[in-house]
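Residue numbers (my numbering): 1 to 370. Where is the CB? At the ideal position from N, CA and C, for every residue including glycine.
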Ligand code: CAA
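Shown next as structure tokens:
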């Protein structure tokens, strides 16, 4: 049912205008609002906080379907669900859940996750944003980069350094409201892909954050970010899977319509074998992503498996979309046939929420420690 609902929504609400939104770098605001009404923005959140009470597998299935059509909409969904809602539900206080999780899970408000900085991407412990403790509040100063939902979010989960001497153990995570004094939205990025997604830099200029907005104990911020990102990577794996599966479906359909040398191109082994490889890669990505989701659902460790799923699915997205363009020939190179957009969108899945190289680092440490 979830798969069908997501598929129907993608076809009826996301597909119309997706090329235009990509061209104009237009955020799918109306579509995200409807996704909130349908329960896609807080799928795994407990119904007592306004969520759908579903499992990770359901979330992954929905992410795949929506990402087949519009990865700009699905990244907003992924960040809201797995980085923001899940983090607040799992590690936030009851007061934070009531105040922030409920509107985020019901889609009335949108969330963003602020870890990356101009000089802290893969090297995420090098946080330069500071959170100075002042007794009953903190004062935030610094800059964040590449923030998804940067200008469209209402609530931001922000990592900042409270005690430099303590290194990563001196980092805290806070819930920050966009409307607070000193919160400045910086420039919008002009991107290669997911152009409908709203990516900005953010500046904090003496932003006063109440103590009750800190997530967890003093110094828990970096571990919080790592734990949340492990789950987030399952969402991005599902996004990459969807981009690949969407491109594969389009290429298969086209191959049965397009004729060359007196038969459909699907009847040429050169194309049929490409489709066989694409189908196999997509299925492997799907199984790895489902496995990571199931482990998370079962309450078992999933850090390595989510890294494997994201690594494989994002590499698959790049390969399969490139082949889908090739199957379409010249038509694949123009916007009307969607596959060139999917190819551009695929690239970011190898970069955000941990590059492919960082996933290999996480996996290699896990296998060598075992
Ligand atoms: N769960 C809990 N704790 C973890 C953890 C995990 N998965 N991974 C690491 N930690 C803990 C470690 O145990 C360690 O704590 P202790 O010293 O107390 O044991 C601490 O975190 C530091 O870990 P490391 O020593 O391993 O740190 P490192 O610097 O060598 O490596 C890293 C850490 C894995 C490279 C990490 O910095 C990382 O994941 N970098 C990539 C950052 C990233 O994914 N950014 C994405 C931005 S968000 C985004 O893209 C969202 C969007 O908008 C789409």
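Could you work out which residue in the options is closest to residue i when comparing CA atoms only?
{"i": "residue 318", "options": "358, 340 and 330", "result": "340"}
{"i": "residue 63", "options": "21, 262, 126 and 244", "result": "244"}
{"i": "residue 75", "options": "142, 96 and 146", "result": "146"}
{"i": "residue 25", "options": "157, 196, 85 and 60", "result": "196"}
{"i": "residue 152", "options": "8, 104 and 170", "result": "104"}
{"i": "residue 140", "options": "180, 360 and 294", "result": "180"}
{"i": "residue 221", "options": "157, 246, 313 and 249", "result": "157"}
{"i": "residue 316", "options": "237, 155 and 72", "result": "237"}
{"i": "residue 15", "options": "66, 248 and 52", "result": "66"}
{"i": "residue 249", "options": "350, 337 and 81", "result": "337"}
{"i": "residue 368", "options": "304, 332 and 265", "result": "304"}
{"i": "residue 113", "options": "159, 91 and 72", "result": "159"}
{"i": "residue 70", "options": "225, 6, 205 and 355", "result": "6"}
{"i": "residue 4", "options": "20, 58 and 17", "result": "58"}
{"i": "residue 342", "options": "19, 13, 12 and 11", "result": "19"}
{"i": "residue 126", "options": "134, 109, 144 and 110", "result": "144"}
{"i": "residue 174", "options": "111, 285 and 41", "result": "111"}
{"i": "residue 121", "options": "360, 355, 269 and 313", "result": "355"}
{"i": "residue 88", "options": "240, 38, 51 and 9", "result": "51"}
{"i": "residue 228", "options": "30, 287, 91 and 217", "result": "91"}
{"i": "residue 226", "options": "359, 41, 284 and 271", "result": "359"}
{"i": "residue 215", "options": "101, 11 and 370", "result": "101"}
{"i": "residue 351", "options": "366, 313 and 330", "result": "313"}
{"i": "residue 131", "options": "206, 84, 217 and 322", "result": "206"}
{"i": "residue 34", "options": "46, 10 and 21", "result": "10"}
{"i": "residue 84", "options": "29, 129 and 176", "result": "176"}
{"i": "residue 366", "options": "134, 302, 329 and 322", "result": "302"}
Please return the same chain residues whose Cβ sits closer than 8 Å to the Cβ of residue i, not counting the five positions on each side in sequence.
{"i": "residue 54", "result": "2, 43 and 44"}
{"i": "residue 199", "result": "146, 147, 148, 150, 188, 189 and 191"}
{"i": "residue 219", "result": "162, 163, 166, 169, 170, 171 and 172"}
{"i": "residue 212", "result": "93, 95 and 96"}
{"i": "residue 275", "result": "248, 251, 252, 255, 266 and 327"}
{"i": "residue 137", "result": "208, 209, 210 and 211"}
{"i": "residue 363", "result": "304, 307, 308 and 311"}
{"i": "residue 290", "result": "57 and 60"}
{"i": "residue 334", "result": "340"}
Under 8 Å between the Cβ atoms of residue i and residue j?
{"i": "residue 231", "j": "residue 300", "result": "no"}
{"i": "residue 233", "j": "residue 353", "result": "yes"}
{"i": "residue 82", "j": "residue 235", "result": "yes"}
{"i": "residue 204", "j": "residue 224", "result": "no"}
{"i": "residue 154", "j": "residue 109", "result": "yes"}
{"i": "residue 285", "j": "residue 240", "result": "yes"}
Where does residue i land, buried or exposed, given buried means 16+ other C-beta within 10 angstroms?
{"i": "residue 262", "result": "exposed"}
{"i": "residue 23", "result": "exposed"}
{"i": "residue 117", "result": "buried"}
{"i": "residue 273", "result": "exposed"}
{"i": "residue 72", "result": "buried"}
{"i": "residue 345", "result": "buried"}
{"i": "residue 260", "result": "exposed"}
{"i": "residue 78", "result": "buried"}
{"i": "residue 119", "result": "exposed"}
{"i": "residue 13", "result": "buried"}
{"i": "residue 142", "result": "buried"}
{"i": "residue 115", "result": "buried"}
{"i": "residue 124", "result": "buried"}
{"i": "residue 21", "result": "buried"}
{"i": "residue 39", "result": "buried"}
Report all residues from its chain with a CB closer than 6 Å to the CB of residue i; omit the five preceding and five following residues, and keep chain order.
{"i": "residue 251", "result": "324 and 327"}
{"i": "residue 36", "result": "107"}
{"i": "residue 68", "result": "242, 245 and 246"}
{"i": "residue 348", "result": "193 and 194"}
{"i": "residue 48", "result": "none"}
{"i": "residue 32", "result": "76"}
{"i": "residue 288", "result": "308, 309 and 312"}
{"i": "residue 86", "result": "231"}
To which residues of the same chain is residue i closer than 7 Å at the C-beta, ignoring the five residues directly before and after it?
{"i": "residue 185", "result": "150, 151, 200 and 202"}
{"i": "residue 320", "result": "244, 247, 248, 278, 281 and 282"}
{"i": "residue 178", "result": "153, 154 and 156"}
{"i": "residue 322", "result": "343"}
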